[in-house]
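Before any comments, here is the structure.
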Amino acid sequence: MRELALHLLDIAENSVAAGAKRIEIGVDEDAKNDRLRICVKDDGRGMDEEMVARVVDPFVTSRTTRKVGLGIPLLKAAAESCNGYLSITSAPGRGTTLEAAFQRSHIDRMPLGDVSGTLYTLIVAWPDIRWILRYRANGSTFEFDSAPIKQELGDIPLTEPSVLAFIRESLDEGVASLQKEIV
Amino acid sequence: MPAVKSLDELKKLKEEALAKRQAKTTSGNIQITVAMGTCGIAAGARETMRAVLDEIEANNLSGVVVKQTGCIGMCEMEPIVQVETGDSPKVTYGKVNSDRAKQIMKDHVMGGKAVPELVVPNA
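Structure below.
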C-alpha cells in the first residue's frame, strides 16, 4: 500500500464484512504535536480478544477457524516504524474501532493520499451503509455524512451521473479546502 | 470550516433524475463489479473504480449498477472488474488499470462488445 487512504479503504472493507450499518472514518492531522492519526469505527459484529490478537498478528496463532488477511499487520508495521502504534478496541456485538497513529514528520511515514477518493468509492459501492468522514487538521474540521444525501434522494441510485458528480465534488472540495490550511 | 455543497442543489438533481427516468427507460441492467480485497486495493482498484465512475459521469449513463466484491482468489490478476449486461453471461477482466477500465466502459458497457484481450480465461 502506498497511501494511508488506501489502508483506510482496506480497513473499512473489513467493517463492511463485519455487517456494519454505520462506519465512521477519522483523520486527524496535528502539525503542532507532530502526530497523524487515522481511525475506522464501526457498529459491526465485533471480535473477541482471541480474534483481535489474530487479525493483528496472523502468524502467532494457527489459523484453523477463520481466514485473516495481511492488511492490518501491514498497517501496524507501518505505524510502529514511525514512532506510532495501532490499536483495536472491539467486543462481540459492540462494534470495532481501529486506530493507527504516526509521527507526522517521520521520514518513513506514508503519505495520507486520496482520502476523498477512498470515501467516494466506499459511499457509491456500499450505498446502504451510513458513511461519515471526520477530517480534522490543526483545529479545523471537515465532516461528510452520507445519510442526508440518501434521505434526500430516496430511491434514486447514487450512481446517477449527476449524483456522482455531486458526491465527488463535495468530498474533493471539502478535503482540498481543509488541506490548504495544513503546512 | 470549509463550505459544504448544499442539499438544495441535490434536490434539483433529484428532480432532474426523476424526470429523466420517466422520459426513457434505463440502459438495460448493466452491472459492474470491482474487486476490492486487500489484494485489489494494493493493485490499484480504487483508481479503477474511479475511472468507471468517471466514465458514467462523463457519458451520462443512467441505470448502471456499480458494486464491490472482496478477493475472488485471483490476486495476481487484480484489479479485477466484472461486467454483466442484460442476460449475457458475466465477463471477468483482469489487470484493469484506469485506462483499461475506460476502454471496457467504452467498448463493452456503451458499445455492447466485450474486450477479448483483457478477459481472464476460465474465470
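First to last, the sequence lines map onto chains V and A.
So the first sequence is numbered by numbering that gives the first Met the number 0: it starts at 0 and just counts up by one.
So the second sequence is numbered by numbering that gives the first Met the number 0: it starts at 0 and just counts up by one.
We put the CB at the ideal spot given by N, CA and C, even for glycine.
Residues that residue i contacts on chain V, provided the C-beta gap is smaller than 8 Å
i	result
R49/A	G116, Y119 and T120
E77/A	Under the 8 Å cutoff, chain V gives no residues; its nearest Cβ is about 13 Å from E77/A.
S97/A	Chain V residues near S97/A: none, gap ~12 Å exceeds 8 Å.
G69/A	E12 and A16
L117/A	Going along chain V, no residue has its Cβ under 8 Å from L117/A, so there is no contact; the nearest lies around 21 Å.
Cβ separation of residue i and residue j, assumed to be a contact under 8 Å, to the nearest whole Å
i	j	result
V65/A	I31/A	5 Å
Y92/A	V108/A	About 11 Å; that fails the 8 Å criterion.
V55/V	I87/V	7 Å
I29/A	V51/A	Not a contact, Cβ separation roughly 11 Å.
D9/V	G70/V	4 Å
According to DSSP, residues forming a beta bridge with residue i
i	result
I31/A	V65/A and V82/A
A99/V	I37/V and L85/V
E23/V	K40/V and I131/V
Y92/A	V80/A and V118/A
E142/V	R133/V
Simplified DSSP assignment, three categories, for residue i
i	result
D106/A	helix
A17/V	coil
E12/V	helix
E75/A	helix
E28/V	strand
V123/V	helix
F165/V	helix
T37/A	helix
E14/A	helix
I71/V	helix
K149/V	helix
M0/V	coil
H6/V	helix
Q178/V	helix
G116/V	helix
K23/A	Because the pLDDT of K23/A is 48, which lies under 50, any placement of that residue in the model is unreliable, and the number read from its coordinates should be weighed accordingly. In this structure, K23/A counts as coil in the three-state DSSP scheme.
G173/V	helix
D7/A	helix
G111/A	coil
P156/V	coil
S97/A	helix
R62/V	Caution applies to R62/V, whose pLDDT of 49 falls short of 50 and renders its modelled position unreliable; the value that the coordinates give is listed next. In the structure shown, R62/V sits in coil (DSSP, three-state: anything other than H, G, I, E or B).
Cross-chain neighbours of residue i in chain A, by beta carbon under 9 Å
i	result
L8/V	M35, I40, A44 and R45
V185/V	As shown, chain V starts at 0 and ends at 182. That puts residue 185/V outside it, with no answer to give.
I155/V	L12, K13, A16, L17 and R20
P147/V	L6 and L9
Nearest residue (CA-CA) to residue i, options the options
i	options	result
L177/V	S115/V, D41/V and P110/V	S115/V
E77/A	V33/A, K10/A and M109/A	V33/A
G92/V	A19/V, D127/V, L8/V and D9/V	A19/V
W130/V	N137/V, A136/V, F143/V and G138/V	F143/V
V82/A	K101/A, L6/A, G72/A and G43/A	K101/A
D41/V	L163/V, A90/V and H105/V	A90/V
S97/A	A122/A, K11/A and R49/A	R49/A
V51/V	I128/V, G94/V and E23/V	G94/V
V123/V	L7/V, S145/V, P72/V and D47/V	S145/V
Neighbouring residues, chain V, relative to residue i (Cβ below 7 Å)
i	result
V65/A	V123, A124 and T158
L60/A	P160
E56/A	P160, L163 and A164
Beta-carbon neighbours of residue i, restricted to chain A and to distances below 8 Å
i	result
M0/V	I40 and A41
V80/V	The displayed chain sequence assigns Ser, not Val, to residue 80/V. Result: empty, since nearest Cβ-Cβ is about 18 Å, beyond 8 Å.
L5/V	I40, A41 and R45
beta-carbon residue i near the ligand ATP non-hydrogen atom, thresh 8 Å
i	result
V162/V	In the structure on display, the ligand ATP does not appear, and there are no ligands present to speak of.
Where residue i meets chain A, residues with beta-carbon distance less than 7 Å
i	result
G70/V	T37
Cβ of residue i within 9 Å of any chain D Cβ
i	result
D42/V	The structure shown contains no chain D; its protein chains are V and A.
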